[in-house]
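The next block holds one structure in the form of structure tokens; read it before the comments.
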Amino acid sequence: MRESHTVTVRPLTTWAAVALAATPFAFALALAFEFACPAGAAETNPATIAEPATSQAATQPALTASCVPDPASFRAMDRPSDNGSGILVVWAKPAEEPNGVMYVVQVARTKEDFKTGNFKTAEVSPSPKILASTKPNYFGYSDEAEKLCYTVITPAELFEPAEPGPLTERRLRELADQGVITPEQLARALAVVAVLAKEKPATQPATVPATRTVAVPATRTAAAPAMKAASAAAQQAKLTPDQQAALKAERKWFDKIEAYLAKRDAEDIEARKREINAEQYFFRLGVKLGDQTLLVARDGEPVVVQGAAEPNLFKWGKLNNLVLSLIFCAIVVTFIEIAKRKPGMFIRKIAGLEAINEAIGRSTEMDRPVYFIHGSGLVSDLSAIASLNILSHIAYRTAEHDSRIHVMNQDPIVTAVSQEVVQQACTRAGRPDAYNPDDVSLVAYEQFAFVAAVSGMMVRRQPGAIFILGYFGAESLLLAETGSSTGAIQVAGTDAYTQLPFFITTCDYTLMGEELYAASAYLAREPRLLGSLRGQDVGKAFIMIALLIGTIVLTVAVARGWDVAWLRGLLKAGNG
Amino acid sequence: MILKRTIPLLIVFGIGVLAFMQDYVPHPWSTAFRDEMTTWTMVIGGFAMFLGLYSLSHMHITKIRRKMPGWGYSIFVFIGAVGMIAVYILGDTIGPLYAGTANKKSLFDWGYEYILVPCSATVFSILAFFMASAAFRTFRARNLAAGLLLAAAIIVMFGRVPVSENVSLRLFGDGMVIPNLSKAIMDYPNLAAKRGIMLGIALGMISQSMRILLGIERSYMGGGD
């Protein structure tokens, strides 16, 4: 059983522009990456000589031994940093690669399967993409990677698990035997299957045998669905309305059972694929040109290597990301500790946050409410959490000033958390009676419905201060412009950098990106929180220096013609 | 205190660390954990939807009952909500204003497509006017910085319309001078500023996450600063 499958070699992982990795640590990490070649899980067979295996056509250039990869270089191993779905097959680039040549990787479950022909074949084009140097997170940055070719074999794609058949009577009975459906469900499902089976032949003309294949005129083909519908309608016409309704309900129920079983089947297939991927496989390698194929061989026998995929515990391509995240966390924690010992740490002024008290005070003096508008972020988004932290402070100040706050929400969970936050803030301010649950409500789930409702409320109630905080999309300008027209002091803050220009244009103060996250710590003035802010600023300085050094090093390297692929690799956000 | 602060903080720390590590672990266990968390989020979100509905209804009922300013609008909330729920329960009924023969829609789809979507589009279209008024206010050359902003804005906007090629050809003998200048402003100064903000956001996120994971930042739990 020979089947041909073309393997698509994945392109390079997207190069990250962010220079988080461009730090002095990157230089040290380079060494780690250099030697971060994966440990091969496969057992490889040595080979010495390549020999022709099949015939060659007279019209094509002949494949010679120089077109065949070195048998010693041919190996199979677990693909590193993956979930156990891929096996890397590696070989040395041969001395010659004639035009039109393809590499063929034959995959079998046992060595004997090669003799019986029970194997699958993957064809690989010899493009530069298959060079090992294109995947430094698998092969490192050594010179050897320039001479190696590779492909990824996913066994489950070659040895696909059998798809379960349609939901026939037999399959339903099997599912009932397995306990997947109850006997009652089986009886109902069988009844529906019987109805469907009766309808099916009715849609085919009785005079045309099922096996006969004839050229159907276009008009008849087009009329087929109409005939089917008419037939079904005719059948249903014999039923009373109650019977028709019952039949419809039963079909709906059957559709649900079918959908449930399809989901279950999909899960079974995924589980089976994982099992298939986890098995041991045997590989042979060859080169193919037209109908000629030469297998990599030793002593006249094709070389067979063995390998298996294993789930890995770490994505080595993200090592740089992890190390830098941990370093930055360490900086933050260090400054938190310093702040605990030395309170009164200086933190730069943030105008937008300084203006919060002023805005609340003005609102109180004017006897107008304070509006707090949440963004569209969910409670799992950091920007929403940051907004909630600021809300706590604003609600506290508002309660202290005996003013009223209205909180507008787009998300139900954010609404529930906001209610709790405002209630607690009122209690802390010694005014639990100031909390009114109707002031903190879900306005609308839809983006523009939310805009319309909030804009209307702003125009009608004329708030004295408006805080627009969180993640925003197109609604940012609509809200801010309407707020601006009411004459209220507006303080906006978002981490959606595309919306920042709109806020800067229309609001009195804008918290740009990181300032939104710094806000709660800044407002609380608690030493530990201020320490984290200082750590954040130090991290920023650290990145600026690293960017400068990285830019200089890369510029000099390009000018001098140095090979700094490893340095570029450190700047790359790998996923594997 | 243990129930209200310690246990929630421990849960936050544990789940937070696991979610952080999940990004670095390709093992199927890690994927299973992520899927499980996603399911939990959906379940909690489902329950929260009821809370949201309660909050929404309560607010509008109070408004109507007390005849607060603008209470008439609150009636439309219930007309819309009850109407859409009713037609969804009714099922496959075809919309009353539907005149075609193909692509028949249920009344629910009809309501969504021919009421909600046009209303949303109407609100969205107001953006164009707001953008013009915001641009008018911003692009006044009051000082050097505002002047530079104005000049950059004119080049970028003009470089992105086809007529800029004709003007560029007449003025400089090359049709791509102004479009290229526009592109250069977007690709270099603009991108540099954007990346600076993005880096700041990334650092702010890490700092905020650390404060939350370590239990230093607890305002979101309603417990105060």
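Going down the list, the sequences are from chains A and B.
The opening position of the first sequence corresponds to residue 230 in our numbering, with each subsequent residue numbered one higher.
The opening position of the second sequence corresponds to residue 166 in our numbering, with each subsequent residue numbered one higher.
Here a beta-carbon is modelled for each residue, glycine too, at the ideal position from N, C-alpha and C.
Any C-beta of chain A within less than 8 Å: which residues of the segment 234 to 247 of chain B qualify?
For the segment 234 to 247 of chain B, which is checked against every Cβ of chain A, the residues closer than 8 Å are 234, 235, 238.
For a test of the three-state rule: what should DSSP assign to residue 801 of chain A, helix, strand or coil?
Coil.
Assuming residue 615 of chain A and residue 748 of chain A are in contact, meaning their beta carbons sit under 8 Å apart, how far apart are those beta carbons, in whole angstroms?
In this structure, residue 615 of chain A and residue 748 of chain A form a Cβ contact; the two beta carbons are roughly 7 Å apart against a cut-off of 8 Å.
Cutoff 7 Å; reference residue 390 of chain A; Cβ partners in own chain excluding five residues on either side:
Excluding sequence positions up to five before and after residue 390 of chain A, its CB lies within less than 7 Å of the CB of 498, 501, 502, 505, all in the same chain and listed in chain order.
Since residue 385 of chain B meets chain A, which of its residues come closer than 8 Å, beta carbon to beta carbon?
Result: 614, 617, 618, 621, 646, 650.
Going by DSSP, which residues form a beta bridge with residue 531 of chain A?
Under the DSSP definition of a beta bridge, residue 531 of chain A partners with A:526.
Please classify residue 239 of chain A: does DSSP put it in a helix, a strand, or coil?
Any answer about residue 239 of chain A is weak, because its pLDDT of 38 lies below 50 and its placement is not dependable; what the coordinates show is given next. Residue 239 of chain A falls in the coil class under three-state DSSP.
Check this for me: beta carbons of residue 671 of chain A and residue 220 of chain B, under 8 Å apart or not?
Going by C-beta atoms, residue 671 of chain A is nearer than 8 Å to residue 220 of chain B.
For residue 378 of chain A, the three-state DSSP class (helix, strand or coil):
DSSP places residue 378 of chain A in strand when its eight states are reduced to three.
Shorter than 8 Å from the beta carbon of residue 572 of chain A to some beta carbon of chain B?
It does not; no Cβ of chain B falls within 8 Å.
Expressed to the nearest angstrom, what Euclidean distance is found between the alpha-carbon atoms of residue 620 of chain A and residue 320 of chain B?
One C-alpha to the other measures close to 40 Å.
Near residue 540 of chain A, which residues of its chain fall below 6 Å by C-beta distance, leaving aside the five closest residues on each side in sequence?
The answer, listed in chain order, is 312, 313.
Residue 603 of chain A (DSSP reduced to helix, strand or coil)
If DSSP states are grouped into helix, strand and coil, residue 603 of chain A belongs with the strands.
Nearest-angstrom Cα separation, counted from residue 200 of chain B out to residue 513 of chain A:
Distance from the CA of residue 513 of chain A to the CA of residue 200 of chain B, rounded to the nearest whole angstrom, comes to 37 Å.
Listed by chain order, chain B residues near residue 496 of chain A by CB distance under 9 Å:
Within 9 Å Cβ-Cβ: nothing; residue 496 of chain A doesn't reach chain B, min ~11 Å.
8 Å is my cut-off, CB to CB: does residue 542 of chain A come that close to chain B?
Residue 542 of chain A counts as touching chain B.
Let me see if you follow: with CB-CB separation under 8 Å, is residue 605 of chain A close to chain B or not?
No, residue 605 of chain A lies away from the interface with chain B (no Cβ there is under 8 Å from its Cβ).
Does the distance from the C-beta atom of residue 667 of chain A to that of residue 227 of chain B stay below 8 Å?
In this structure, residue 227 of chain B lies closer than 8 Å to residue 667 of chain A by Cβ.
Give the secondary structure of residue 353 of chain A by DSSP, where H, G and I count as helix, E and B as strand, and everything else as coil.
The answer is strand: DSSP assigns residue 353 of chain A an E or B state.
Can you check whether the C-beta of residue 347 of chain B is within less than 8 Å of a C-beta belonging to chain A?
Answer no: the Cβ-Cβ gap between residue 347 of chain B and chain A never drops below 8 Å.
Limits of the beta strand (DSSP E) - the one that residue 217 of chain A falls within:
There is no way to answer for residue 217 of chain A, as the model of chain A reaches only from 230 to 805.
Bridge partners of residue 401 of chain A, per DSSP?
Partner(s): none; residue 401 of chain A has no beta bridge.
Using three-state DSSP, classify residue 771 of chain A as helix, strand or coil.
In the three-state DSSP reduction, residue 771 of chain A falls in the helix class (H, G or I).
Taking one C-beta from the segment 552 to 565 of chain A and one from the segment 362 to 372 of chain A each time, how about it: are there three or more such pairs within less than 8 Å?
Taking 8 Å as the limit for Cβ pairs, the verdict is that the segment 362 to 372 of chain A does not touch the segment 552 to 565 of chain A.
Looking at chain A, which residues of the segment 330 to 361 of chain B have a Cβ within less than 8 Å of any of its Cβ atoms?
Going along the segment 330 to 361 of chain B in chain order, one finds 359, 360 with a Cβ nearer than 8 Å to chain A.
CB-CB under 7 Å to residue 787 of chain A, same chain, minus the five flanking residues each way: which ones, in chain order?
Sequence-distant Cβ neighbours of residue 787 of chain A in its own chain, meaning closer than 7 Å and more than five residues away, do not exist here.
Return no unless some Cβ of chain A is closer than 8 Å to the Cβ of residue 303 of chain B.
Answer yes: the Cβ-Cβ gap between residue 303 of chain B and chain A drops below 8 Å somewhere.
For residue 321 of chain A, tell me which candidate among A:298, A:339, A:473 has the shortest Cα-Cα distance.
Nearest of A:298, A:339, A:473 to residue 321 of chain A, Cα basis: A:298.
Checking contacts by CB at 8 Å: is residue 561 of chain A closer than that to chain B?
At a cut-off of 8 Å between beta-carbon atoms, residue 561 of chain A makes contact with chain B.
Determine the chain A residues that contact residue 291 of chain B at a beta-carbon separation under 8 Å, and present them in chain order.
Neighbours of residue 291 of chain B across chain A, judged by C-beta separation under 8 Å: 707.
For the alpha helix (DSSP H) that contains residue 359 of chain A, what are its first and last residues?
Residue 359 of chain A: not part of any alpha helix (DSSP H); DSSP gives it neither H nor E.
Quick check on residue 373 of chain B - is its C-beta less than 8 Å from some C-beta in chain A?
So yes, residue 373 of chain B belongs to the interface.
For residue 214 of chain B, which residues in chain A fall below 8 Å Cβ to Cβ?
Within chain A, 641 have C-beta atoms less than 8 Å from the C-beta of residue 214 of chain B, given in sequence order.
Grouping DSSP H, G and I as helix and E and B as strand, with all else coil, what is residue 391 of chain A?
In the structure shown, residue 391 of chain A sits in coil (DSSP, three-state: anything other than H, G, I, E or B).
Taking the alpha carbon of residue 527 of chain A as the point to measure from, which residue in A:515, A:763, A:681 has its own alpha carbon closest?
It is A:515.
At the 8 Å Cβ level, is residue 207 of chain B part of the contact set with chain A, yes or no?
By this cut-off, residue 207 of chain B is not an interface position.
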